[in-house]
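Visitor: I'd like to ask you about the structure that follows.
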Amino acid sequence: MRKYLTTLSLPLLLAGTLAASDRAFAAEQGITDTEIVIGDVEPLTGPPALLGVAASIGHKIAIAEANNAGGINGRKIKYVLEDDGYVTARTIQGVKKVIEVDKAFAMLGISGSGQSIAVMPVLEKAGIPTVIDVAPVKFLWEPPRKNVFVVGQSYEEGIIHLVTYLAEKNPGKKWGLITQDDDYGITVRDGFDTVVKAKKLNVVYSGNYKKGQRDFSSDMLQLKDSGAEVFLAGGIIAENIAMMKELEKLNVKPVTGIFWPGRIEPVLKLMGPAGNGIYAVDYVEPFASAAGKAFLEKAKPLVSEAEFKGINRYTMTGYAAAKVLIAAIARCGKEPTWACTISELEKTKSVETGVMAPVSFGPGVRFSNQKLQIMQSDFPTLSFKPVN
Amino acid sequence: MRTRDYKQTYRELVALTDSVPVWLWSAILIAALIIAPHILNAYTLSFLTIILITVVGVLGLNILTGYTGLISLGHVGFLVTGAYAYAVLVSKYQMPPIVGFLGAGVIPALASLIVGAPSLRLKGLYLAITTLAFSFIINTVILEARTVTNGARGIAVKRPELFGISFESEAAFTYLCLGFAVLTLFATLNIRRSRVGRAFVAIRDNDIAARVMGINLHTYKLLAFVTSAFITGIAGALYGIYLSFVSVEGFPFLLSIEALAILIVGGLGSALGAVLGTVFIVLLPEATRLVFSLFSTQMDALFSTGAQELKSMLYGVVIILFLRFQPRGLVGLWHDVKRTWVHWPLRY
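Read top to bottom, the protein sequences are chains D and L.
Note that our numbering has the first sequence beginning at 642, numbered continuously upward.
Note that our numbering has the second sequence beginning at 2, numbered continuously upward.
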């Protein structure tokens, strides 16, 4: 009987040990003696690629910088990047691939707001340390998830900051607003309505357009007829360009505010002189500032010529997130674990990235709540300059 | 070895299959599918889950387009309606998931009556455009009905618990999808063998002749729409649960095209074709990536960073190749192989 029990218990013991060691190994996946894997899923094809590619370039710059300095405690960082084409199902699969097949130790990114929200259960279940930098929406940090951190500022706060600034600068003026018919548009409208209520703004035009709309002739004609003097253009990229071009055609130039997803230099170039003097809000430094110029100088030798041309504000958000993550892993010493990295991310206090205000998290705080600043476009130099 | 089909009784004639090897292989396949979730990692398992959900949706479309010959470009409209029906009933109104699944079938089925009615007078391209318009209208309705659907904000959906069984884990959810896929497969196979199924096929082959034979075109065309939308709605609910977040953005128009591509590649009007086509189309980009990664790591990276563009190109090439060289699809290819195997060395 004893022999039988011994025979039975040995494989069980072995299986138990293997299972335990497997769990221990799983907690430290993506790490070898020489390498540490960081994964990312972004829209690299299709129209949102303008954002996804730029963010991934930011990650690459931070990683190249760290690797040139010897890596994380002697381990070089390997960056694994997946394209989701802005398709939610593909984001989920991409994240699963990066975690399960590429065995990433940590994640950066991840794609758009809807995609990040959808992928949250996968990230939570896996427990992988993740720093999100592309689409900061409240759902990602409310309630706080143990392993998911968000660098940035909420869309609502951004809009409130911009509209408050424009309202104080243009007292008693008539307002116009146009938003997209998606979650982004609703967020913009919610932020706008908050200030309208608080400051009792006189809104004479409030429009809504279908995502993908390219012709804004009737919308802008209505805006003109309403006599709006301050205009919040709630489009993203092509929409804002079309709106400004249309206003130029109609020979009207209201004080215009745009939001950060569209605050990228190629947009300004496409708007032409019509884009001169528009106001924007952001939590990253404009490239025309000293910090922005320093960042470009730093980036130049670290990325290819094509990648350098693809740099925009999302490169800065990506860079900051990667810096924060790399610093947290580095603080874990020679044998970083997921638990340690999460704990160190939580302890992140006033980390300087050079491209935005210092980044901090805290116990139960998974959102860095970045400081906002207002900037104004300058078409001749194709740049945005801080307004203070 | 069997060389011909000799059916001597009605029982043999209406049997799903009289071939023991087919039952045997089917049992082996089911057994493999039951074991798979315990062996595969989360990434590979996600392909299996997607395949099973897609099989349900494509079998739904197959009833309308494959059996009845009514082309639908707007089936994503039924998919998104099913997903929202489930999300609203279960996540918003806290109803049991079983009610959610029922609603995911019934609500798109009711919606299909709206789009099905014009089909009584429209055919071909005109019907295709009508169904396309329906998918756009349904998106607008969802976005505008904010009090019910949360508009563009979408609705978060949790994994269900049915009859005391939790489908929270990836493996459990795959089993749920497998259950629905097997049920749908048997349902569509049986529909095809029934009087209703034969009426559908008669309408597809020649609607005037079908009418002359006493088939009520109005009733059967609407029935095809309702059945197809019911099944597609269930697939929508499963897809919504898989995404864990239901929003209009999660159901792009491209899904309608992808479903039609699956039917063309698999073989129109065949349940087996729908299954083969789904497996082929879903796995094609990954299989291509694997093949190319054997030759070069750069190609692997290219497939990672340009996956969606390459995927669209691959779909295009495959559809062209199938239309040109194998219009009967994979199921046609399978029949050719089977015939060659049986008759070899004779050609026929």
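Positions of the beta carbon are idealized from the N, C-alpha and C atoms, including for glycine.
Keep in mind that this is a model prediction, so the values were computed, not measured.
#1: Examine the ligand FAD and report whether any of its heavy atoms sits within less than 6 angstroms of the Cβ of Thr-820 of chain D.
#2: Is it the case that the Cβ atoms of Gly-241 of chain L and Tyr-87 of chain L are separated by a distance below 7 angstroms?
#3: What first and last residue would you give for the beta strand (DSSP E) that runs through Met-1016 of chain D?
#4: Where does Lys-222 of chain L land, buried or exposed, given buried means 16+ other C-beta within 10 angstroms?
#5: Could you give the first and the last residue of the continuous beta strand (DSSP E) run that contains Leu-685 of chain D?
#6: Of all the residues that make up the stretch 219-252 of chain L, which are near chain D by a beta-carbon distance shorter than 8 angstroms?
#7: For Glu-13 of chain L, is the classification buried or exposed, using 16 other Cβ atoms within 10 angstroms of its Cβ as the cut-off for buried?
#8: Tell me which residue opens and which closes the beta strand (DSSP E) that Thr-897 of chain D is part of.
#9: If you count every other CB in all the chains shown that lies within 10 Å of the CB of Ile-740 of chain D, and 16 or more means buried, which is it?
#10: Is it right to say Arg-348 of chain L is buried, meaning 16 or more other beta carbons lie within 10 angstroms of its own, or is it exposed?
#11: What residues from the stretch 297-319 of chain L come within 7 angstroms of chain B, judged by C-beta to C-beta, listed N to C?
#12: Under a three-way DSSP split, which group does Met-214 of chain L fall into?
#13: Look at the alpha carbon of Leu-179 of chain L and the alpha carbon of Ala-32 of chain L, and state the distance between them as a whole number of angstroms.
#14: Just the chain D side, please: which residues come within less than 7 angstroms of Leu-144 of chain L by C-beta, in chain order?
#15: Classify Ser-662 of chain D: buried if its beta carbon has 16 or more other beta carbons within 10 angstroms, exposed otherwise.
#16: Which residues does DSSP pair with Ser-271 of chain L in a beta bridge?
#17: If you pair each beta-carbon of the stretch 55-71 of chain L with each one of the stretch 274-282 of chain L, do three or more pairs fall below 8 angstroms?
#18: Taking contact to mean 3 or more Cβ pairs, one atom from each stretch, closer than 8 angstroms, check whether the stretch 213-233 of chain L and the stretch 100-117 of chain L are in contact.
#19: Is the CB-CB distance between Ile-40 of chain L and Ala-129 of chain L below 7 angstroms?
#20: With a cut-off of 8 angstroms, do at least 3 Cβ pairs link the stretch 144-152 of chain L to the stretch 256-271 of chain L?
#21: What's the C-alpha gap between Lys-1026 of chain D and Val-249 of chain L?
#22: Within its chain, find whatever has a CB closer than 7 angstroms to the CB of Thr-233 of chain L; leave out the 5 residues flanking it on each side and keep chain order.
#23: Just how far apart, CA to CA, sit Val-789 of chain D and Trp-782 of chain D?
#24: Give the DSSP bridge partners of Tyr-920 of chain D, in chain order.
#25: Please work out which residues of its chain come closer than 7 angstroms, Cβ to Cβ, to Ile-99 of chain L, disregarding the five sequence neighbours upstream and downstream, and give them in chain order.
#26: Can you confirm whether the stretch 985-995 of chain D touches the stretch 1018-1025 of chain D when touching is taken to mean that 3 or more C-beta pairs between the two stretches lie within less than 8 angstroms?
#27: Classify Ala-710 of chain D as helix, strand or coil using the three-state DSSP reduction.
#28: Residues of the stretch 33-57 of chain L in Cβ contact with chain D at a cutoff of 9 angstroms, in chain order, please.
#29: Output needed in chain order: residues of the stretch 716-727 of chain D with a Cβ under 7 angstroms from some Cβ in chain L.
#30: Restricting to Cα atoms, I'd like to know which of D:Lys-865, D:Pro-914, D:Tyr-796, D:Glu-870 is closest to Ile-882 of chain D.
#31: When you compare the CB of Pro-762 of chain D with every CB in chain L, is at least one pair closer than 7 angstroms?
#32: Secondary structure at Asp-674 of chain D, three-state DSSP: helix, strand or coil?
Guide: The answer reads as follows:
#1: The ligand content of the structure shown is nil, which means the ligand FAD is not present either.
#2: In this structure, Tyr-87 of chain L lies closer than 7 angstroms to Gly-241 of chain L by Cβ.
#3: DSSP places Met-1016 of chain D inside the beta strand (DSSP E), whose first and last residues are 1014-1019.
#4: Buried, because 16 or more other Cβ atoms sit within 10 Å of the Cβ of Lys-222 of chain L.
#5: Premise fails: Leu-685 of chain D is in no beta strand (DSSP E) and is neither H nor E.
#6: Here the close residues are Tyr-240, Tyr-243, Leu-244, Ser-245, Phe-246, Ser-248, Val-249, Glu-250, Gly-251.
#7: By the C-beta density criterion, Glu-13 of chain L is exposed, having fewer than 16 other C-beta atoms within 10 angstroms.
#8: Note, Thr-897 of chain D: beta strand (DSSP E), 896-899.
#9: With 16 or more other Cβ atoms inside 10 Å of its own Cβ, Ile-740 of chain D counts as buried.
#10: Arg-348 of chain L is exposed by the Cβ-count criterion.
#11: Protein chains D and L are contained in the structure displayed, whereas chain B is not.
#12: Per DSSP, reduced to three states, the secondary structure at Met-214 of chain L is coil, with no helix or strand assignment.
#13: Leu-179 of chain L and Ala-32 of chain L: Cα-Cα distance of roughly 11 angstroms.
#14: Ordered by position in chain D, the residues that pass the 7 angstroms Cβ test against Leu-144 of chain L are Asp-822.
#15: In this predicted model, Ser-662 of chain D has a pLDDT of only 42, less than 50, meaning its place in the structure is not dependable enough to derive any value.
#16: Partner(s): none; Ser-271 of chain L has no beta bridge.
#17: Segments in contact, yes.
#18: A contact exists between the stretch 213-233 of chain L and the stretch 100-117 of chain L.
#19: Cβ atoms of Ile-40 of chain L and Ala-129 of chain L: not closer than 7 angstroms.
#20: Contact between the stretch 144-152 of chain L and the stretch 256-271 of chain L is absent, because fewer than three Cβ pairs lie under 8 angstroms.
#21: Distance between the alpha carbons of Lys-1026 of chain D and Val-249 of chain L: 37 angstroms.
#22: The residues are Gly-58, Gly-61, Leu-62, His-76, Phe-79, Leu-80, Gly-83, Pro-109.
#23: Distance between the alpha carbons of Val-789 of chain D and Trp-782 of chain D is about 8 angstroms.
#24: For Tyr-920 of chain D, which the question treats as bridged, DSSP gives the partners D:Gly-898, D:Gln-1017.
#25: Residues Leu-163 of the same chain have their beta carbon placed closer than 7 angstroms to that of Ile-99 of chain L, with the five preceding and five following residues left out of the count.
#26: With the cut-off at 8 angstroms, the stretch 1018-1025 of chain D and the stretch 985-995 of chain D do not touch.
#27: In the structure shown, Ala-710 of chain D sits in coil (DSSP, three-state: anything other than H, G, I, E or B).
#28: Taking 9 angstroms as the upper bound on Cβ-Cβ separation, chain D lies near residues Asn-42, Ala-43, Tyr-44, Thr-45, Leu-46, Ser-47, Phe-48, Ile-51 of the stretch 33-57 of chain L.
#29: Within the stretch 716-727 of chain D, those residues whose Cβ lies closer than 7 angstroms to any Cβ of chain L are, in chain order, Leu-722, Glu-723, Asp-724, Gly-726.
#30: A check of alpha carbon separations from Ile-882 of chain D across D:Lys-865, D:Pro-914, D:Tyr-796, D:Glu-870 identifies D:Pro-914 as the nearest.
#31: With 7 angstroms as the cut-off, Pro-762 of chain D counts as an interface residue toward chain L.
#32: Annotated three-state conformation of Asp-674 of chain D is coil, per DSSP.
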